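So the sequence shown is residues 0 to 365, counted in numbering that gives the first Met the number 0.
Taking it in order: structure first as structure tokens, then the write-up.
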Amino acid sequence: MHQVRAVVARAKGEPVSIETINVPDPGPGEALVQVQACGVCHTDLHYREGGINDEFPFLLGHEAAGVVEAVGEGVTEVAPGDFVVLNWRAVCGECRACKRGDLHYCFNTHNATQKMTLEDGTELSPALGIGAFAEKTLVAAGQCTKVDPDARPAAVGLLGCGVMAGAGAAINTGGVTRGRSVAVIGCGGVGVAAIAASALAGASPVIAVDIDPRKLERAKALGATHTVESSQVDPVEEIKRIAAETYEGADGADVVIEAVGRPETWKQAFYARDLAGTVVLVGVPTPDMKVPDLPLIDVFGRGGALKSSWYGDCLPSRDFPMLVDLYRQGRFDLDAFVSEEIGLEDVEAAFDKMHGGDVLRSVVIL
């Protein structure tokens, strides 16, 4: 048993607290990871606000990188000393999706069996089955993906959620490649990652859409060729105009990625895509939100595809090492996503900065 410091959300809407928690030694199929860095993601705030479920207390944090300290019986994929990025898609290999070769759609991803607890024995619910705002965490061994040990933990740990979600929404779900135009609505961490990946894939134009000019400047620095401040102009018409400047006859972007998770912006994405274009929803809606009222003839008549992207449709064992290698080559700037490095005690303040749009990512360094 290991006693470590960690960030815990005890009750809905209450500020997080620093607690001493108990982390068991790894059992069969599990790994104990010494966390080196963990990004502050909006999903953590969703947990604190009770927006995911009410299984308090939560052990927050999930965008993490660290070093495997120990493994349990039967673990062969990682060993003590391995530098890993944690993921929340530990594929089972046995479900229908896995057996047909679609491991990135695994219907039965798994987590550690043993529970981490508060000092009094109260069981903790780890965010996305990880719980990495902690000096050490216990995960399923399949949640550990080995990457280049010379990579910066604060940067590559962000692949564990937001950056992978955005990059995968573009490349995996949207099929973005050269010769295609892309628009991304919502330029937080996920949206900007989609922009960076689209630029890396050779798409042009790459159009960033947001109401915040600061976010648009970040998007431009990471590969957007055009920006649209949607509080000032009609974003649908602007996307169509920009796409038509590059491709004669275009009536929108080939791929429009919605990274906000709201009906209004999803409807904008629907109408901003070209005929036979693709809409990708990667922004996370709340349970009460509904698909906006659309004439069915428009759905039929525009053709193409309406997709959702869960975790960027990624397979961590395939995608994490590839993106880390591109980062190490200077082709995918993960460092640009790290707005600040903070301590465990600064997580609550980081939530406020995230709300205000002041950061792409605050990253806890342990």
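Where a beta carbon is used, it is the ideal one built from N, C-alpha and C, also for glycine.
In this text, all values refer to a predicted model and were calculated from it rather than measured experimentally.
ALA193 and ASN52 have their C-alpha atoms spaced approximately 28 Å apart. The residues ALA64, VAL84, VAL146, VAL323, TYR326 and LEU333, in chain order, have a CB closer than 7 Å to that of VAL155 in the same chain once the five nearest residues on each side in sequence are set aside. Here DSSP, grouped into helix, strand and coil, assigns ASN21 to strand. DSSP places ASP253 within a strand segment (E or B) once states are collapsed to three. Around the beta-carbon of GLN142, 16 or more other beta-carbon atoms lie within 10 Å, marking it buried. In the structure shown, the three-state DSSP call for PHE132 is coil. Nearest neighbour of PRO284 by Cα position, chosen from HIS1, HIS45, ILE20 and ASN21, turns out to be HIS45.
Within the same chain, and ignoring the five residues on either side of VAL358 in sequence, the residues whose Cβ sits closer than 7 Å to its Cβ are SER338, GLU339 and LYS352.
Counting only unbroken stretches of 4 or more residues, the alpha helix (DSSP H) elements lying wholly within the stretch 17-64 are 41-47, in sequence order. In this structure, the straight-line span from the alpha carbon of ALA8 to that of LEU295 is close to 44 Å.
Taking a contact to require three or more Cβ pairs closer than 8 Å, the stretch 36-50 and the stretch 100-116 do not qualify as touching. For the pair of segments examined, the stretch 11-30 was found not to touch the stretch 153-172: the number of CB pairs separated by less than 8 Å stays below three. Here the stretch 172-179 lies against the stretch 248-268, with 3 or more beta-carbon pairs under 8 Å apart. Between the stretch 304-316 and the stretch 79-94, the count of Cβ pairs shorter than 8 Å is three or higher; the stretches touch.
The stretch 27-35 makes contact with the stretch 64-78, as at least three CB pairs between them are under 8 Å.
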